[in-house]
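Below is one structure, written out as structure tokens; the observations come after it.
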Amino acid sequence: MKKLARGAALAVLAGTVATACAPGTAKTATSADKQTGTVKVWLYDEANRAPKEQVVAQAVADFKAKHAGVEVEVSYIPTDAGPRAEKMKGAFNDPSSAPDVVEFGNTDLFGYTASGGLADITSDLAGWEEGKDLPQDLKDTAVVDGKTYGLPWWLGVRALYYRTDVFTELGLQAPTSYAELKSAAEKVRAAHGDLLGIAVGGKYTFGALPFVWADGGDLATASGSAYTSAIDSAQSQAGVKAYTDLFTDAICPAQQCADLTGGKTVESFAAGKAGMAILPNSSRSAVEAGAAAGKYAIVPLPGAEAGKIAPAFSGGNDLGVMKSTQHRSLAVDFMKELASKKNQLALFDAMGNLPTLSSARAEVVQKQPWLKPFTDTIEAGTKFVPKDAAWAKIDAQNVVPTMLQKVITGKSDVAGATKEAAAAMNTSFSGK
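In terms of mature numbering (1 follows the signal peptide of the UniProt record, and there is no 0), the sequence shown is residues -22 to -1, 1 to 410.
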């Protein structure tokens, strides 16, 4: 198993979203379509950049073979929120310093489009043959007001990790419904008081949302381009209750679990301190390096109904073209080169990044069968955050974790906490 990429979007996957300050408003820049010169590319840096560099270098070589006399200059930008935001703000405000092609976290797209920094690539992708292999729900994550601003490059979703040794000892089967998950968690902790039945976190937004979505709820609903919070709907409240009901002494005591983040749930399960946990595919390397290695299996997170898979957040990174590019066609061609099936497979082999193209994912599952629960989750349908620049503010203000923690600690009931969260969201959506 190759080590997975570390980047801002993986912080999202771990449940510790790295939100950045708004990048500002892009200065008006007239794009051009020069067919010669240098295509500038900004990609996320990695803790171990070498595997990514090798994939990118081959993509550059293939691209240059098709475009005689054209050079490609690749730079690696910080993944930490603050430095990355400043870098992008500079690019939006000074087109002369901007790249032609850029990698970004898929939840960053809405702030970037609101700033006017990304090019509309709807028509550019319409005729891309390989693009027909992108599932519609993934395509939709890069669409704002009917226009496409990003090409999903790789993704990550969550599934349920569980301890096979403990389940076998207790005669338990992998849960296929919420009721079975809760019952199994209670039995694990009853038999092993040193284990959490399931590691869940009050600060784990993207661990909680599948429960909301599974009950038919959502963060917000859209009317045209305007969003209104839906976290206080009856369906959303049912999902919030389902998640917060797991924070009991019989499963995951509030005093231990209210402050857990997504990253802390990874640590808990990997260290052998939990019977189950909701973790992304990127966490497998950490689990394999911990006390739980060789003693776990993975299944899709079950939904409210038996046999149903809970919708997972579709995290990952996109590629986009800057609005100020002077090499429009070349930039689009290089973006497509990086996101081709060939290079998505190469990126998986090098770093473990899950491909967005369906046929590529099918191939990686053949290579790594442990990925099937994650691809099954994707095929069942994923969900996303509101496609509005206000989401960054909502997330930075910890609106969802605060809501969860108030219920978990008994400071509010579900109805009161969700109504308060909805009011905070609507303030952000309205721009107040």
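All C-beta atoms, glycine included, are put in the ideal place defined by N, C-alpha and C.
Evaluate LYS371 with the Cβ neighbour count: other Cβ atoms within 10 Å of its Cβ, from every protein chain shown; 16 or more gives buried, anything less gives exposed. Start at 1 with the first residue of the sequence shown, and residue 371 comes out as number 393. LYS371 should be labelled buried.
Taking 7 Å as the cut-off, is the beta-carbon of VAL342 closer than that to any non-hydrogen atom of the ligand ZN? In terms of ligand content, the structure shown is empty, and the ligand ZN therefore cannot be addressed.
Inspect the beta-carbon positions of ALA236 and PHE247 and report whether they are closer than 8 Å. Locating residue 236 in the sequence shown gives position 258, where the first residue counts as 1. Locating residue 247 in the sequence shown gives position 269, where the first residue counts as 1. Cβ distance not < 8 Å, so ALA236 and PHE247 don't count as in contact.
Work out the CA separation of GLU164 and PHE145 for me, nearest whole Å. For the purposes of this step, residue 145 is identified with residue 167 of the sequence shown, where counting begins at 1. For the purposes of this step, residue 164 is identified with residue 186 of the sequence shown, where counting begins at 1. Those two C-alpha atoms are separated by around 12 Å.
Indicate the three-state DSSP secondary structure (helix, strand or coil) for GLY15 in the structure shown. For the purposes of this step, residue 15 is identified with residue 37 of the sequence shown, where counting begins at 1. GLY15: strand per DSSP, three-state reduction.
Give the range of the beta strand (DSSP E) segment to which TYR156 is assigned. As a working note, residue 156 is residue 178 in the sequence shown. Element bounds for TYR156: not the beta strand (DSSP E) but the alpha helix (DSSP H), 156 to 169.
When you compare each of PRO77, GLY359, ALA309, ALA399 to LYS41 by their alpha carbons, which one comes out closest? The sequence position of residue 41 within the sequence shown is 63, counting from 1. With the sequence shown as reference, residue 41 is identified as Phe, and Lys is not the correct amino acid for it. It is ALA309.
Given a threshold of 16 other Cβ atoms within 10 Å of its Cβ, counted over all protein chains shown, does PRO258 qualify as buried or as exposed? Taking the sequence shown and counting its residues from 1, one reaches residue 258 at position 280. PRO258 comes out buried.
Would THR355 and ASP78 be called neighbours here (beta carbons separated by less than 8 Å)? Counted from its first residue, the sequence shown places residue 355 at position 377. Counted from its first residue, the sequence shown places residue 78 at position 100. Judged by beta-carbon spacing, ASP78 lies beyond the 8 Å limit of THR355, meaning their Cβ atoms are not closer than that value.
Mind checking whether VAL52 and VAL34 have CB atoms under 8 Å apart? Position 74 of the sequence shown, counted from the first residue, corresponds to residue 52. Position 56 of the sequence shown, counted from the first residue, corresponds to residue 34. Taking 8 Å as the cut-off, the beta carbon of VAL52 is found closer than this to the beta carbon of VAL34.
Tell me whether ASN84 is buried or exposed, calling it buried when 16 or more other Cβ atoms sit within 10 Å of its Cβ. What you label residue 84 is simply residue 106 of the sequence shown in a count that begins at 1. ASN84 is buried by the Cβ-count criterion.
Assigned exposure category for GLN114 - 16 Cβ within 10 Å defines buried: For the purposes of this step, residue 114 is taken as residue 136 along the sequence shown, with counting starting at 1. When all chains shown are included, GLN114 counts as exposed.
Grouping DSSP H, G and I as helix and E and B as strand, with all else coil, what is SER246? For the purposes of this step, residue 246 is taken as residue 268 along the sequence shown, with counting starting at 1. The answer is helix: DSSP assigns SER246 an H, G or I state.
So, ALA184 versus ASP366, is the Cβ gap smaller than 8 Å? Taking the first residue of the sequence shown as 1, we reach residue 184 at position 206. Taking the first residue of the sequence shown as 1, we reach residue 366 at position 388. The question names Ala, yet the displayed sequence has Phe at residue 184. In this structure, PHE184 lies away from ASP366, with their beta-carbon atoms at least 8 Å apart.
Classify GLU283 as helix, strand or coil using the three-state DSSP reduction. In the sequence shown, counting from the first residue as 1, residue 283 sits at position 305. Annotated three-state conformation of GLU283 is coil, per DSSP.
What's the C-alpha gap between ALA200 and ALA39? In the sequence shown, residue 200 corresponds to position 222, counting from 1. In the sequence shown, residue 39 corresponds to position 61, counting from 1. Approximately 43 Å, taken between the alpha carbons.
Three-state secondary structure (DSSP) of THR334: Taking the first residue of the sequence shown as 1, we reach residue 334 at position 356. The three-state reading of DSSP puts THR334 in coil, since its state is none of H, G, I, E or B.
Put TRP191 into one of helix, strand or coil per three-state DSSP. Here residue 191 is taken as the residue at index 213 of the sequence shown, counted from 1. Residue state, collapsed to three classes: helix.
How about TYR139 and PHE407: are their beta carbons less than 8 Å apart? Translated into positions along the sequence shown, residue 139 becomes position 161. Translated into positions along the sequence shown, residue 407 becomes position 429. Contact flag unset, no.
When you compare only the Cα positions, how much space is there between GLY409 and PRO351? The residue labelled residue 409 in the question sits at position 431 within the sequence shown. The residue labelled residue 351 in the question sits at position 373 within the sequence shown. Pairing GLY409 with PRO351, the inter-Cα distance amounts to about 39 Å.
So within the region 105 to 155, which uninterrupted alpha helix (DSSP H) runs reach at least 4 residues, ignoring any that extend past its ends? Scanning the region 105 to 155 for uninterrupted alpha helix (DSSP H) segments of 4 residues or longer gives 114 to 118, 142 to 148, listed from N- to C-terminal end.
I believe TYR54 touches LEU21 by the beta-carbon criterion, under 8 Å. Please report the beta-carbon distance rounded to the nearest angstrom. What you label residue 54 is simply residue 76 of the sequence shown in a count that begins at 1. What you label residue 21 is simply residue 43 of the sequence shown in a count that begins at 1. The Cβ separation is near 6 Å, so the contact holds.
If you drop the 5 nearest sequence neighbours on each side, which residues of the same chain put their C-beta closer than 7 Å to that of ALA(-14)? Numbered from its first residue, the sequence shown carries residue -14 at position 9. Model confidence at ALA(-14) stands at a pLDDT of 41, short of 50, so the residue's coordinates are unreliable; what they give is reported in the following sentence. Cβ neighbours of ALA(-14) beyond the five flanking positions: GLY83, ASN84, GLY293, GLY294, ASN295.
Close-in-space but distant-in-sequence residues of the same chain around LYS219 (CB under 7 Å, 5 per side omitted): Residue mapping note: residue 219 aligns to position 241 of the sequence shown, counting from 1. Around LYS219: VAL392.
Compare the C-alpha of SER260 against each of LYS117, ASN331, THR222 and name the closest. As a working mapping, residue 260 is identified with position 282 in the sequence shown. Nearest C-alpha to SER260: ASN331.
Identity of the residue in GLY128, ALA198, ASP143 nearest THR405 by Cα: Here the question's residue 405 lines up with position 427 in the sequence shown. Residue ALA198 is the option with its Cα nearest to THR405.
Through-space distance from ASP193 to ASP143, alpha-carbon basis: Within the sequence shown, the letter at position 165 stands for residue 143. Within the sequence shown, the letter at position 215 stands for residue 193. Straight-line Cα distance between these residues: approximately 31 Å.
Limits of the alpha helix (DSSP H) - the one that PHE82 falls within: As a position in the sequence shown, residue 82 is number 104, starting the count at 1. Element bounds for PHE82: not the alpha helix (DSSP H) but the beta strand (DSSP E), 79 to 83.
Helix, strand or coil: which one does DSSP assign to GLY394? For the purposes of this step, residue 394 is taken as residue 416 along the sequence shown, with counting starting at 1. Secondary structure of GLY394 (DSSP, three-state): helix.
By Cβ distance below 6 Å, which residues in the same chain neighbour GLY109 in space, the five residues on each side in sequence not counted? Taking the sequence shown and counting its residues from 1, one reaches residue 109 at position 131. Around GLY109: LEU103.
Indicate whether PRO347 and GLY180 have their beta-carbon atoms separated by less than 8 Å. Locating residue 347 in the sequence shown gives position 369, where the first residue counts as 1. Locating residue 180 in the sequence shown gives position 202, where the first residue counts as 1. In this structure, PRO347 sits away from GLY180, with a CB-CB distance that is not shorter than 8 Å.
Separation of ILE276 from GLY47, as counted between CA atoms: By one-based count along the sequence shown, residue 47 stands at place 69. By one-based count along the sequence shown, residue 276 stands at place 298. For GLY47 and ILE276, the distance between alpha carbons rounds to 49 Å.
Measure from the alpha carbon of PRO364 to the alpha carbon of each residue in ALA401, ARG141, GLN13, THR119, then state which is nearest. On the sequence shown, position 386 is the one that residue 364 refers to. If you compare the alpha carbons of ALA401, ARG141, GLN13, THR119 with that of PRO364, the shortest gap goes to THR119.
Taking the CB atoms as reference points, tell me whether ALA358 and ILE287 lie closer together than 8 Å. Counting from one through the sequence shown, the residue named residue 358 turns up at place 380. Counting from one through the sequence shown, the residue named residue 287 turns up at place 309. Contact: yes.
If we call anything under 8 Å between Cβ atoms a contact, is MET300 one with ALA157? Mapped onto the sequence shown, residue 300 falls at position 322. Mapped onto the sequence shown, residue 157 falls at position 179. Going by C-beta atoms, MET300 is not nearer than 8 Å to ALA157.
My understanding is that LEU148 touches VAL122, with C-beta atoms under 8 Å, so please give their C-beta distance in whole angstroms. In the sequence shown, the residue the question calls residue 148 occupies position 170. In the sequence shown, the residue the question calls residue 122 occupies position 144. Not a contact, Cβ separation roughly 48 Å.
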